[in-house]
Amino acid sequence: MTEVEKIYEMEKNTGIKSFNAKDAWNLGNLLVKWAMNNDKILVIRISVNHHVLFQYACDGTAVENDNWVLRKENLVYYTGHSSYATALYLEQKQQSPAERYGLPVDKFTAAGGAVPIYLQGTGVVGVVTVSGMSQQEDHELVMTMLKNYRTEN
Numbered sequence: 336m337t338e339v340e341k342i343y344e345m346e347k348n349t350g351i352k353s354f355n356a357k358d359a360w361n362l363g364n365l366l367v368k369w370a371m372n373n374d375k376i377l378v379i380r381i382s383v384n385h386h387v388l389f390q391y392a393c394d395g396t397a398v399e400n401d402n403w404v405l406r407k408e409n410l411v412y413y414t415g416h417s418s419y420a421t422a423l424y425l426e427q428k429q430q431s432p433a434e435r436y437g438l439p440v441d442k443f444t445a446a447g448g449a450v451p452i453y454l455q456g457t458g459v460v461g462v463v464t465v466s467g468m469s470q471q472e473d474h475e476l477v478m479t480m481l482k483n484y485r486t487e488n
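This is the structure in C-alpha cells:
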C-alpha cells in the first residue's frame, strides 16, 4: 500500500455520524487550545459545503496564511481527499493541480493541512484546514484532532 493509499484509508476512518456548527465550534476550539499550548502560530478554518463555520487566526499570522487555507480547502472539495494526500500524489506524477486538473493556481494548492470531514453514509461534507507549520505537521494535527473528536463524540 502506498503512502497516498494509507492516507485515503485513514481519512475514511475519521468518518463521523453528524457534524454541525456546534461541532465546528468545539473542534475549532480544541485546535486553538492546542496551538496556544504548543506556541504555534496557525490559521484554523472549518467549513461545511464551502460555508465557514469556524475560523481563527493566531497572533502573528498574515493574510498569506488565509490564502493558503482557502487554496488547500478548495483542493479538498475538488478531489474529495486531503490536500496532503493529493500533494503526495501529484508529487509522484511530477504535476501541479493546474497541470493535472486544469485548476487555477490562485485558487488551488497542493500542500498539506486540509482534511475532509467524512459523514458516515454520505461522504465529504466539509473541510478542516490548518496553516502555519510544515504541510506534514498541518496534516497530522488535523487528522489527530479529527480522530480524537470522533472518539470523544
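At the far end of the sequence shown sits residue 488, using the working numbering, and the numbering has no gaps.
Cβ atoms here follow ideal geometry from the backbone N, Cα and C, with glycine treated the same way.
Own chain partners of I351 with C-beta closer than 6 Å, once the 5 adjacent residues on each side are dropped: R485
Neighbourhood of A370 by C-beta distance below 6 Å, restricted to the same chain and skipping five residues each side: L377, C393
Identity of the residue in V411, E472, G448, G461 nearest A356 by Cα: G461
Stretch pair the stretch 357-367 + the stretch 395-407: three plus CB contacts closer than 8 Å: no
6 Å Cβ shell around N476 - same chain, five flanking residues per side excluded: For clarity, residue 476 is Leu in the given sequence; the question names Asn instead. These residues qualify, in order along the chain: V465.
Contact under 8 Å by Cβ, V411 with A449: yes
Euclidean distance between Cα positions of M336 and R406: 28 Å
Any non-hydrogen atom of the ligand ZN closer than 7 Å to N483 Cβ: The ligand ZN is absent from the structure shown, which contains no ligand whatsoever.
Own chain partners of Q471 with C-beta closer than 8 Å, once the 5 adjacent residues on each side are dropped: Y419, G447
Given K442 as reference, the closest of E408, N483, T414 once Cα atoms are compared: E408
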